[in-house]
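Peer 1: Protein chains in written order, with the UniProt record's numbering: chain L, 1 to 203; chain F, 1 to 119.
A virtual CB, placed ideally from N, CA and C, is assigned to each residue, including glycine.
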Amino acid sequence: MAKKTYDLLFKLLLIGDSGVGKTCILFRFSDDAFTTTFISTIGIDFKIKTVELRGKKIKLQIWDTAGQERFHTITTSYYRGAMGIMLVYDITNEKSFENIIKWLRNIDEHANEDVEKMILGNKCDMEDKRAVSKERGEAVAREHGIRFMETSAKASINIDRAFNELAEAILDKTAGREPGDHVDRVTVDRRQQSSTTGSCCNK
Amino acid sequence: MPDCGTSYENEVADGYNIRNVKCSFCNCTILKQKLGKFTTLEFDLPLMKQIGGAYNIETEKVSLFWLVKHMMTFENVGFSNTVDNKKYLTCADCDAGPIGFHDLTTKESFIALSRVTHR
Ligand SMILES: Nc1nc2c(ncn2[C@@H]2O[C@H](COP(=O)(O)OP(=O)(O)OP(=O)(O)O)[C@@H](O)[C@H]2O)c(=O)[nH]1
Ligand SMILES: [Mg+2]
Ligand SMILES: [Zn+2]
Numbered sequence: 001m002a003k004k005t006y007d008l009l010f011k012l013l014l015i016g017d018s019g020v021g022k023t024c025i026l027f028r029f030s031d032d033a034f035t036t037t038f039i040s041t042i043g044i045d046f047k048i049k050t051v052e053l054r055g056k057k058i059k060l061q062i063w064d065t066a067g068q069e070r071f072h073t074i075t076t077s078y079y080r081g082a083m084g085i086m087l088v089y090d091i092t093n094e095k096s097f098e099n100i101i102k103w104l105r106n107i108d109e110h111a112n113e114d115v116e117k118m119i120l121g122n123k124c125d126m127e128d129k130r131a132v133s134k135e136r137g138e139a140v141a142r143e144h145g146i147r148f149m150e151t152s153a154k155a156s157i158n159i160d161r162a163f164n165e166l167a168e169a170i171l172d173k174t175a176g177r178e179p180g181d182h183v184d185r186v187t188v189d190r191r192q193q194s195s196t197t198g199s200c201c202n203k
Numbered sequence: 001m002p003d004c005g006t007s008y009e010n011e012v013a014d015g016y017n018i019r020n021v022k023c024s025f026c027n028c029t030i031l032k033q034k035l036g037k038f039t040t041l042e043f044d045l046p047l048m049k050q051i052g053g054a055y056n057i058e059t060e061k062v063s064l065f066w067l068v069k070h071m072m073t074f075e076n077v078g079f080s081n082t083v084d085n086k087k088y089l090t091c092a093d094c095d096a097g098p099i100g101f102h103d104l105t106t107k108e109s110f111i112a113l114s115r116v117t118h119r
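1) Rounded to a whole number of angstroms, what is the C-alpha to C-alpha distance between Phe110/F and Phe148/L?
2) Where in the stretch 53-134 of chain L do unbroken runs of the beta strand (DSSP E), each at least 3 residues long, occur, reported from the N-terminal end onward?
3) Let me see if you follow: with CB-CB separation under 8 Å, is Ile111/F close to chain L or not?
4) Just to confirm the assignment: which complete alpha helix (DSSP H) runs, minimum length 4, are found wholly within the stretch 38-64 of chain F?
5) When the distance is taken between beta carbons, is Ile39/L closer than 8 Å to Asp95/F?
6) Within the continuous beta strand (DSSP E) that includes Leu12/L, where are the two ends?
7) Distance, Cα to Cα, Glu116/L vs Leu53/L?
8) If you check the beta carbons only, do Ala111/L and Lys11/L fall under 8 Å apart?
9) Is Ile57/F close to chain L? Criterion is C-beta to C-beta, closer than 8 Å.
10) Check whether the Cβ of Phe74/F lies closer than 8 Å to any Cβ atom in chain L.
11) Would you say Tyr78/L faces chain F, with C-beta separation under 8 Å as the test?
12) Measure from the C-beta of Asp31/L to each C-beta in chain F and report whether the shortest distance is under 8 Å.
13) According to the neighbour-count rule (16 or more other Cβ atoms, all chains shown, within 10 Å of its Cβ), is Asp90/L buried or exposed?
14) Closest by CA to Thr59/F, which one among Gln50/F, Lys37/F and Pro46/F?
15) Going by C-alpha distance, which of Asp14/F, Phe101/F, Asn85/F and Leu64/F is nearest residue 120/F?
16) Just checking, does the stretch 157-169 of chain L make contact with the stretch 126-133 of chain L on the three C-beta pairs under 8 Å criterion?
17) Between the C-alpha atoms of Ala112/F and Asp93/F, what's the straight-line distance to the nearest angstrom?
18) For Lys87/F versus Asp64/L, is the C-beta distance shorter than 8 Å?
19) Please list the terminal residues of the continuous alpha helix (DSSP H) segment that includes Leu171/L.
20) Taking just the CA atoms, how far does Gly97/F sit from Ile42/L?
21) Since Thr50/L and Lys59/L are thought to touch, with beta carbons under 8 Å apart, how far apart are those beta carbons, to the nearest angstrom?
22) Could you pull the start and end residues of the beta strand (DSSP E) that Ser80/F belongs to?
23) Can you tell me where the beta strand (DSSP E) holding Phe38/L begins and where it ends?
24) Report all residues from its chain with a CB closer than 8 Å to the CB of Thr40/F; omit the five preceding and five following residues, and keep chain order.
25) Assuming Leu14/L and Val88/L make a contact with CB atoms under 8 Å, what is their CB distance in whole Å?
26) Pull out every residue of the stretch 42-68 of chain L whose Cβ sits closer than 7 Å to any Cβ of chain F, in chain order.
27) Please list, in chain order, the chain F residues whose beta carbon lies closer than 9 Å to that of Ile39/L.
28) Considering just the uninterrupted stretch of the beta strand (DSSP E) at Leu113/F, what are its terminal residues?
29) Assign Leu31/F to one of three DSSP states: helix, strand, or coil.
30) Please list, in chain order, the chain L residues whose beta carbon lies closer than 8 Å to that of Tyr64/F.
31) In chain order, what residues of the same chain lie with their CB nearer than 7 Å to the CB of Val116/F, ignoring the 5 residues before and after it?
32) Are any of the Cβ atoms in chain F nearer than 8 Å to that of Leu9/L?
Below you can see the structure in the form of structure tokens.
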């Protein structure tokens with residue numbers, strides 16, 4: 001029964017400063033009753049999600065990245081096989097926005113050159129604490145020719161839409177390539193995971 | 001949610017799942033029909049709801065599973081961080097779990113029949 005159940009596989013990474021909400025974007029609880037479970041203690045490494053775009057069945061493998069890592073410690077092996085990168089900042093944290101430029105430089109240096117990028121201004125539910133205007137986010141994205149969206153992992157705003165858009169952009173690029181090209185490069189034993197988890201939205 | 005007492009005979013045909021495997025909480029599709037091989041083995045699966053806190057993991061013996069050989073066969077699923085050479089599986093939409101486990105050595109995944117619904 002090893003028949004292929006999809007047309008394409010896209011590996012996506014969530015990158016950005018510590019505390020911007022990467023883990024929350026990947027790990028959302030629909031119900032507060034679950035917050036004390038085993039799973040929230042050990043944390044999620046990655047998710048597989050299936051989306052349908054233009055009649056194609058696409059598997060997204062979405063990876064979180066460990067919190068304490070900084071752009072200067074992230075090198076090529078980290079980005080291996082990644083076809084899309086969600087670059088996340090926190091709209092209530094000016095520094096995390098300024099660092100987007102440094103993350104972009106790091107991606108340019110170390111990631112595959114045709115990797116598709118998207119900038120997310122997360123925590124847009126916290127309007128009263130906003131430090132970075134939407135216009136500034138849009139401007140940086142425009143300057144670098146990449147997509148932009150404001151999101152809230154807490155209020156579930158634009159999260160699915162963002163992943164769909166990123167996937168669609170990759171699809172535009174990959175059109176014409178052999179299906180399943182990247183399957184071999186995807187493995188789970190990527191690195192030893194640190195156990196910095198348990199911080200999530202409904203705390 | 002113990003295995004015993006519930007009959008799963010009607011869920012299996014030719015050794016595979018007849019119906020789609022879905023999350024019991026949010027109805028998200030985890031595995032499409034005919035892609036999970038019916039398998040029995042003994043496994044101590046941590047409870048979805050822990051009462052004793054993080055230092056005292058409560059488990060239950062689970063024995064009926066859908067075996068999935070390649071992780072990309074899943075429709076929607078979450079993989080936890082690694083614990084003792086295993087990853088635990090969750091619903092990709094609502095994060096309920098563990099609904100099963102993934103063995104890093106064999107690369108096989110197992111979904112517990114008692115932790116999901118069939119529809
Ligand atoms: N209000 C609000 N808070 C959020 C949102 N997303 C995340 N948070 C909060 O921000 C804090 C950090 O979120 P995490 O998801 O742990 O951040 P992270 O980017 O994974 O951080 P590291 O793992 O350290 O890199 C937590 O307290 C979350 O509850 C959001 O959309 N809105
Ligand atoms: Mg994190
Ligand atoms: Zn669910």
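Peer 2: Based on what the coordinates show:
1) One-based indexing of the second sequence puts residue 110/F at position 110. One-based indexing of the first sequence puts residue 148/L at position 148. Going from the Cα of Phe110/F to the Cα of Phe148/L covers about 38 Å.
2) Here the runs fully enclosed are 56-63, 84-90 and 116-122.
3) The residue given as residue 111/F occupies position 111 in the second sequence. It does not; no Cβ of chain L falls within 8 Å.
4) Listed in chain order, nothing qualifies, since the stretch 38-64 of chain F has no complete alpha helix (DSSP H) run of 4 or more residues.
5) Position 95 of the second sequence, counted from the first residue, corresponds to residue 95/F. Position 39 of the first sequence, counted from the first residue, corresponds to residue 39/L. It is a contact, given that the beta carbons lie within the stated cut-off.
6) Taking the first sequence and counting its residues from 1, one reaches residue 12/L at position 12. Unbroken beta strand (DSSP E) run through Leu12/L: Leu8 to Gly16.
7) Counted from its first residue, the first sequence places residue 116/L at position 116. Counted from its first residue, the first sequence places residue 53/L at position 53. Separation of Glu116/L and Leu53/L (C-alpha to C-alpha, rounded to the nearest whole angstrom) is 17 Å.
8) Here residue 111/L refers to the residue found at position 111 of the first sequence. Here residue 11/L refers to the residue found at position 11 of the first sequence. Cβ atoms of Ala111/L and Lys11/L: not closer than 8 Å.
9) In the second sequence, residue 57/F corresponds to position 57, counting from 1. When Cβ-Cβ separations below 8 Å define contact, Ile57/F makes contact with chain L.
10) Residue 74/F sits at position 74 when you count from the first residue of the second sequence. Yes, its Cβ sits closer than 8 Å to a Cβ of chain L.
11) By 1-based counting over the first sequence, the position of residue 78/L is 78. For Tyr78/L, the answer is no, since every Cβ of chain F falls outside 8 Å of its Cβ.
12) The residue you call residue 31/L lines up with position 31 of the first sequence. In this predicted model, Asp31/L has a pLDDT of only 48, less than 50, meaning its place in the structure is not dependable; the value taken from the coordinates is given anyway. So yes, Asp31/L belongs to the interface.
13) Here residue 90/L corresponds to residue number 90 of the first sequence, with the count starting at 1. Buried, because 16 or more other Cβ atoms sit within 10 Å of the Cβ of Asp90/L.
14) What you label residue 59/F is simply residue 59 of the second sequence in a count that begins at 1. Nearest option by C-alpha distance: Pro46/F.
15) One cannot answer for residue 120/F here, as it falls past the ends of chain F, which runs 1 to 119.
16) No, they do not touch.
17) What you label residue 112/F is simply residue 112 of the second sequence in a count that begins at 1. What you label residue 93/F is simply residue 93 of the second sequence in a count that begins at 1. Inter-residue distance for Ala112/F and Asp93/F is about 18 Å (C-alpha atoms, whole angstroms).
18) Within the second sequence, numbered from 1, the residue matching residue 87/F stands at position 87. Within the first sequence, numbered from 1, the residue matching residue 64/L stands at position 64. No, they are not a contact pair.
19) Locating residue 171/L in the first sequence gives position 171, where the first residue counts as 1. It spans Ile159 to Thr174 - the alpha helix (DSSP H) in which Leu171/L sits, taken as one unbroken run.
20) In the first sequence, the residue the question calls residue 42/L occupies position 42. In the second sequence, the residue the question calls residue 97/F occupies position 97. Cα to Cα, Ile42/L sits roughly 11 Å from Gly97/F.
21) Along the first sequence, read from residue 1 onward, the residue named residue 50/L stands at position 50. Along the first sequence, read from residue 1 onward, the residue named residue 59/L stands at position 59. In this structure, Thr50/L and Lys59/L form a Cβ contact; the two beta carbons are roughly 6 Å apart against a cut-off of 8 Å.
22) The count along the second sequence starts at 1 and reaches residue 80/F at position 80. The continuous beta strand (DSSP E) containing Ser80/F extends over residues Val77 to Ser80.
23) Residue mapping note: residue 38/L aligns to position 38 of the first sequence, counting from 1. Unbroken run through Phe38/L is the alpha helix (DSSP H), Phe38 to Ile42; no beta strand (DSSP E).
24) By one-based count along the second sequence, residue 40/F stands at place 40. Result list for Thr40/F: Ser63, Leu64 and Phe65, in chain order.
25) On the first sequence, residue 14/L is found 14 positions in, with the first residue counted as 1. On the first sequence, residue 88/L is found 88 positions in, with the first residue counted as 1. The Cβ separation is near 6 Å, so the contact holds.
26) For chain F, the residues of the stretch 42-68 of chain L that bring a beta carbon within less than 7 Å of one of its beta carbons are Ile42, Gly43, Ile44, Asp45, Phe46, Lys47, Ile48, Lys49, Thr50 and Lys59, in chain order.
27) To locate residue 39/L, count along the first sequence from 1; it is residue 39. One finds Pro46, Met48, Gly78, Ser80, Tyr88, Thr90, Asp95, Ala96, Gly97 and Pro98 in chain F with Cβ atoms closer than 9 Å to the Cβ of Ile39/L, taken in chain order.
28) Here residue 113/F corresponds to residue number 113 of the second sequence, with the count starting at 1. Per DSSP, Leu113/F lies in no beta strand (DSSP E) segment and is marked neither H nor E.
29) For the purposes of this step, residue 31/F is identified with residue 31 of the second sequence, where counting begins at 1. If DSSP states are grouped into helix, strand and coil, Leu31/F belongs with the strands.
30) Taking the first residue of the second sequence as position 1, residue 64/F is located at position 64. A small fix is needed here, since residue 64/F is Leu in this sequence, not Tyr. Counting only Cβ-Cβ distances below 8 Å, Leu64/F has no contacts in chain L at all, with the closest Cβ about 18 Å away.
31) Reading the second sequence from its first residue, position 116 is the one you call residue 116/F. The beta carbon of Val116/F is closer than 7 Å to those of Val21, Lys22, Cys23, Ser24, Ile30 and Ile99 in its chain, skipping five residues each way along the sequence.
32) Residue 9/L sits at position 9 when you count from the first residue of the first sequence. It does; some Cβ of chain F falls within 8 Å.
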